[in-house]
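Colleague: Dumping the structure here so I can ask a few things about it.
2 protein chains.
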Amino acid sequence: MMQRPPTIKDLARALNISVSTVSRALRNATDINPETRQAVLKLAKEMEYEPNFIAQSLVKKQTHIIGVVVPSIDSNYFSEALSGMTDCAIEQNYHLMICQSNENEVLENKSIRKLLSCNIDGLLISVSLQTKSDNVIKEAQKKHVPVVMFDRIIPGADCTKVIVNEYEGALKAVEHLIKKGCKRIAHIGGPKDLSVSENRKKGYLDALAKHKIPVREELIAHCKSFEEDAIGAIRKVMNAKPRPDAIFFINDLSAITAIEYIRRKGLRIPEDIKIVGFNNDKVSNVVEPALTTVMQPGYEVGKLALGVLIDEIESKSTERQLFELRTTLVTRKSSR
Amino acid sequence: MMQRPPTIKDLARALNISVSTVSRALRNATDINPETRQAVLKLAKEMEYEPNFIAQSLVKKQTHIIGVVVPSIDSNYFSEALSGMTDCAIEQNYHLMICQSNENEVLENKSIRKLLSCNIDGLLISVSLQTKSDNVIKEAQKKHVPVVMFDRIIPGADCTKVIVNEYEGALKAVEHLIKKGCKRIAHIGGPKDLSVSENRKKGYLDALAKHKIPVREELIAHCKSFEEDAIGAIRKVMNAKPRPDAIFFINDLSAITAIEYIRRKGLRIPEDIKIVGFNNDKVSNVVEPALTTVMQPGYEVGKLALGVLIDEIESKSTERQLFELRTTLVTRKSSR
DNA sequence: CTGAAAGCGCTTACAG
DNA sequence: CTGAAAGCGCTTACAG
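Here's what the structure looks like:
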């Protein structure tokens with residue numbers, strides 16, 4: 000019994016040839032006798048030889064490891080993106096090292112530095128809410144590690160970016176309500192100063208403008224955080240006179256919170272008031288009424304971001320690109 | 000300007016000492032002159048020296064990389080576990096390589112083998128629904144890679160396991176309903192033959208037995224898949240005569256699906272019928288009525304599983320252990 | 001306390 | 001087509 004896994008040395012000895020020849024046979028080089036090659040491959044299989052990835056990395060100076068940093072793994076959207084990346088990685092023979100910043104810039108920087116010290120071939124990052132500076136990104140690039148930002152980007156950063164056009168998603172959602180005949184469309188937004196909140200609100204405002212519907216400030220309210228205190232914002236817009244005939248929400252959970260509030264007011268959804276969420280959470284199809292919502296292609300974002308990064312790694316291209324994926328409006332009963 | 004990152008060779012040359020001495024100074028060895036040590040450390044800082052992780056791995060024959068395989072990254076429960084592992088990993092100076100099997104045993108095996116060829120120091124796995132054999136686990140162990148299974152385990156496998164006592168969670172949930180005075184408690188189960196389904200159903204049955212409540216088959220129904228076709232199962236149990244006064248669901252989504260069905264029947268929750276879910280999805284606190292549910296400590300499972308694996312890696316212990324974490328019953332309006 | 005040497009497992013010019 | 005040699009960046013006995 001062999002205690003340790005076999006190496007090319009073991010193969011070479013067993014076949015009475017040199018390690019260089021074994022190495023060449025293994026990696027499909029052209030200048031190798033087909034018979035020698037077959038013999039090596041056969042023995043390699045028998046001995047269950049596996050190339051030592053670490054040793055290869057050291058000499059080739061590339062690890063095929065890609066570092067990924069997201070704000071939180073445990074979030075609907077990011078876990079979808081990670082899923083896309085992971086599937087793509089295994090296909091393309093890359094490996095992912097995933098870290099989360101927990102929305103903390105210090106931890107984010109620490110994670111990136113740790114990843115860099117692992118000699119990652121590339122970095123995929125979606126920045127924390129706190130992150131303003133792209134210094135660590137520059138650090139990576141100085142080490143010739145290509146960087147691709149996705150979803151939560153730093154607009155000024157000098158790297159390729161993959162984002163979702165949430166603005167257009169919001170615009171489509173609100174135009175859908177307008178086509179349904181709604182005239183007094185309210186908006187429950189997310190925390191101010193966040194690009195997601197701003198993009199979606201801008202879509203809302205532009206849809207109104209496009210259809211010459213005046214903006215009424217009393218129909219707009221913001222949640223301080225994403226999931227809590229939605230009820231305060233809902234109460235505010237529902238108290239407007241005349242009351243809204245539709246509400247476009249920053250996310251599905253706040254929309255679902257509103258369903259019961261609206262029911263208590265004696266109003267029917269969608270007859271008296273239509274509602275639209277954002278995200279297409281699984282539950283949006285389970286609640287009653289089923290929720291119309293804007294689906295973001297998280298899985299595709301992940302897949303594309305990784306694909307683009309691999310292209311940069313392999314072609315050593317330094318061209319910066321901006322990829323924008325589109326949302327899909329999923330219409331259900333809540334806006335029929 | 001230095002084109003490539005500095006190595007210990009560069010440090011040695013600059014200080015006119017040998018690489019062995021630099022190496023010792025860097026890693027805190029005892030047999031080193033404190034002054035030499037200071038000088039090396041100072042220069043290392045100035046030159047922004049970072050030890051080459053790959054080179055270290057090659058000589059030390061350990062990578063500090065842990066391979067993780069889950070059925071799907073993009074699932075509430077597993078993303079929580081991954082989150083716990085990730086936080087734990089960075090603290091303990093390990094790195095995670097995460098793969099997903101997409102519930103496919105072939106892909107699972109492929110992922111494990113890829114991870115092994117990366118010389119992972121340990122393997123953390125939650126197996127796919129298809130997986131029956133622990134062959135690949137044995138393969139890993141033959142290579143002296145410790146394995147810890149979590150959540151979805153192969154009962155017979157010879158390795159340390161970290162699981163959640165779902166049985167007890169279900170038992171507590173049903174006893175809670177019994178204490179509330181319910182006499183005709185129904186159960187909507189998950190796909191048959193799945194250990195999750197079986198464990199939770201057993202908790203239900205044992206709670207009834209413990210309180211001498213007879214089991215009525217017409218109050219038990221199974222969903223074929225987790226999220227779809229819940230409505231058929233709900234209809235079945237709601238048609239039992241006399242009708243149930245409580246339902247214990249396999250998960251929150253099926254419970255939420257039932258809310259509207261029950262409302263349409265003209266029944267009130269919780270007055271006429273109480274309901275309890277499983278998982279504590281975010282939405283369970285947003286729906287009306289807010290859902291009583293069983294919380295599984297996914298984050299803690301991840302943290303513990305990784306901690307235990309690291310212990311095995313570092314102490315080279317081969318003792319097999321079984322860790323069982325407990326659920327928490329979160330009582331809300333739907334069962335008051 | 002320090003240095004020279006060997007080695008981790010592989011790849012890749014270079015000579016033949 | 002094949003082999004000897006050098007090297008990737010580090011660690012670790014071994015001598016001194």
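Heads up: the protein sequence lines correspond to chains H and Z, in order.
Heads up, the first sequence is in numbering that gives the first Met the number 0, so the first residue is 0 and it goes up one at a time.
Heads up, the second sequence is in numbering that gives the first Met the number 0, so the first residue is 0 and it goes up one at a time.
Quick reminder that beta carbons are idealized off the backbone N, C-alpha and C, glycines included.
#1: Residues of chain H with CB closer than 8 Å to the CB of alanine 54 of chain Z, please, in chain order.
#2: Could you check how far apart the C-beta atoms of glutamine 91 of chain H and isoleucine 309 of chain H are, in whole angstroms? I think they sit under 8 Å.
#3: Interface residues of chain Z around lysine 209 of chain H at Cβ under 9 Å?
#4: Among Z:Gln37, Z:Glu102, Z:Ala169, which one has its Cα closest to the Cα of leucine 328 of chain Z?
#5: Give, in chain order, every unbroken run of the beta strand (DSSP E) that is at least 3 residues long and sits entirely within the segment 156–198 of chain Z.
#6: Name, in chain order, the residues that DSSP records as bridge partners for alanine 245 of chain Z.
#7: Could you work out which residue in Z:Ile255, Z:Asp280, Z:Glu313 is closest to proline 288 of chain H when comparing CA atoms only?
#8: What distance in whole Å lies between the Cβ atoms of histidine 186 of chain H and threonine 330 of chain H, which are believed to be in contact at a cut-off of 8 Å?
#9: For chain H, find out if any of its Cβ atoms is closer than 8 Å to the Cβ of proline 190 of chain Z; answer yes or no.
#10: Within 8 Å (strictly less), CB to CB, does aspartate 73 of chain H reach chain Z?
#11: With DSSP as the reference, identify every bridge partner of cysteine 98 of chain Z, one or two as the case may be.
#12: For threonine 35 of chain H, does the three-state DSSP call read helix, strand or coil?
#13: Taking C-alpha atoms, which residue in Z:Thr6, Z:Ser116, Z:Ile16, Z:Glu104 lies nearest to asparagine 134 of chain Z?
#14: Go through the segment 265–332 of chain Z residue by residue and report every complete run of the alpha helix (DSSP H) that reaches 4 residues or more, in order.
#15: Under a Cβ-count criterion, where at least 16 other Cβ atoms within 10 Å of its own Cβ denotes burial, should serine 333 of chain Z be classed as buried or exposed?
#16: Does the count of Cβ pairs from the segment 246–254 of chain H and the segment 279–288 of chain H closer than 8 Å reach three?
#17: Hey, could you find the ends of the beta strand (DSSP E) leucine 106 of chain Z is sitting in?
#18: By DSSP, does glutamate 239 of chain Z sit in helix, in strand, or in coil?
#19: Helix, strand or coil for leucine 252 of chain Z, going by three-state DSSP, please let me know.
#20: Anything in the segment 112–123 of chain Z with a Cβ closer than 9 Å to a Cβ of chain H? List those residues in chain order, please.
#21: Would glutamine 99 of chain H pass as an interface residue toward chain Z - the criterion being a Cβ-Cβ separation below 8 Å?
#22: For glutamate 49 of chain Z, go through chain H and note every residue whose CB falls closer than 7 Å to its CB, in chain order.
#23: Between methionine 1 of chain H and chain Z, is there a C-beta pair that is closer than 8 Å?
#24: Listing by chain order, which chain H residues have their CB less than 8 Å from the CB of proline 4 of chain Z?
#25: Would you kindly report the start and end of the unbroken alpha helix (DSSP H) that includes isoleucine 219 of chain Z?
#26: Ignore the nearest five residues each way along the sequence and tell me which others in asparagine 118 of chain Z's own chain have a CB closer than 6 Å to its CB.
#27: Evaluate contact between the segment 4–11 of chain H and the segment 47–66 of chain H, counting only Cβ atoms and requiring at least three cross-stretch pairs below 8 Å.
#28: So the candidates are H:Ala229, H:Ile97, H:Val173, H:Arg335; which of them puts its Cα closest to the Cα of lysine 211 of chain H?
Modeller: Per the coordinate set shown:
#1: Numbered from 1 along the second sequence, position 55 holds the residue referred to as residue 54 of chain Z. What alanine 54 of chain Z touches in chain H: Leu57.
#2: On the first sequence, residue 91 of chain H is found 92 positions in, with the first residue counted as 1. On the first sequence, residue 309 of chain H is found 310 positions in, with the first residue counted as 1. Glutamine 91 of chain H to isoleucine 309 of chain H, Cβ: 6 Å. Contact.
#3: As a position in the first sequence, residue 209 of chain H is number 210, starting the count at 1. Here the premise fails: no neighbours, minimum Cβ distance about 32 Å.
#4: Taking the second sequence and counting its residues from 1, the one referred to as residue 328 of chain Z is at position 329. The candidate whose alpha carbon is nearest that of leucine 328 of chain Z is Z:Ala169.
#5: 159–163, 184–188
#6: As a first step, residue 245 of chain Z is located in the second sequence; it is residue number 246 there, counting from the start. Answer is Z:Ile184, Z:Lys273.
#7: The residue you call residue 288 of chain H lines up with position 289 of the first sequence. Proline 288 of chain H has its Cα closest to that of Z:Ile255, out of Z:Ile255, Z:Asp280, Z:Glu313.
#8: On the first sequence, residue 330 of chain H is found 331 positions in, with the first residue counted as 1. On the first sequence, residue 186 of chain H is found 187 positions in, with the first residue counted as 1. So it is not a contact: roughly 18 Å between Cβ atoms.
#9: Locating residue 190 of chain Z in the second sequence gives position 191, counting from the first residue. Judged by the 8 Å Cβ criterion, proline 190 of chain Z is not in contact with chain H.
#10: Within the first sequence, residue 73 of chain H is the residue found at index 74, counting from 1. For aspartate 73 of chain H, the answer is yes, since a Cβ of chain Z falls inside 8 Å of its Cβ.
#11: Indexing the second sequence from 1 puts residue 98 of chain Z at position 99. According to DSSP, which records beta bridges pairwise, cysteine 98 of chain Z is partnered with Z:Val68.
#12: One-based indexing of the first sequence puts residue 35 of chain H at position 36. The answer is helix: DSSP assigns threonine 35 of chain H an H, G or I state.
#13: Position 135 of the second sequence, counting from 1, holds the residue named residue 134 of chain Z. When only C-alpha atoms are compared, the closest one is Z:Glu104.
#14: 297–314
#15: The residue you call residue 333 of chain Z lines up with position 334 of the second sequence. Buried is the call here.
#16: yes
#17: Residue numbering aside, residue 106 of chain Z sits at position 107 when the second sequence is read from its first letter. Looking at the DSSP string, leucine 106 of chain Z is not in any beta strand (DSSP E); the run it does join, the alpha helix (DSSP H), is 104–116.
#18: Residue mapping note: residue 239 of chain Z aligns to position 240 of the second sequence, counting from 1. The residue asked about is misnamed: residue 239 of chain Z is alanine in this sequence, not glutamate. DSSP places alanine 239 of chain Z in coil when its eight states are reduced to three.
#19: Indexing the second sequence from 1 puts residue 252 of chain Z at position 253. It is helical.
#20: Arg112, Lys113, Leu114, Leu115, Ser116, Cys117, Asn118
#21: On the first sequence, position 100 is the one that residue 99 of chain H refers to. Yes, its Cβ sits closer than 8 Å to a Cβ of chain Z.
#22: Here residue 49 of chain Z refers to the residue found at position 50 when the second sequence is read from its first residue. In chain order: Ser116.
#23: In the first sequence, the residue the question calls residue 1 of chain H occupies position 2. Interpretation of methionine 1 of chain H is limited by its pLDDT of 48, a score under 50 that renders its predicted location unreliable; no figure is taken from the coordinates.
#24: As a working note, residue 4 of chain Z is residue 5 in the second sequence. In chain order: Lys142.
#25: Start at 1 with the first residue of the second sequence, and residue 219 of chain Z comes out as number 220. Premise fails: isoleucine 219 of chain Z lies in the beta strand (DSSP E), 219–221, not in any alpha helix (DSSP H).
#26: The sequence position of residue 118 of chain Z within the second sequence is 119, counting from 1. Within the same chain, asparagine 118 of chain Z has close Cβ partners Thr62.
#27: yes
#28: Here residue 211 of chain H refers to the residue found at position 212 of the first sequence. Ranking H:Ala229, H:Ile97, H:Val173, H:Arg335 by Cα distance to lysine 211 of chain H puts H:Val173 first.
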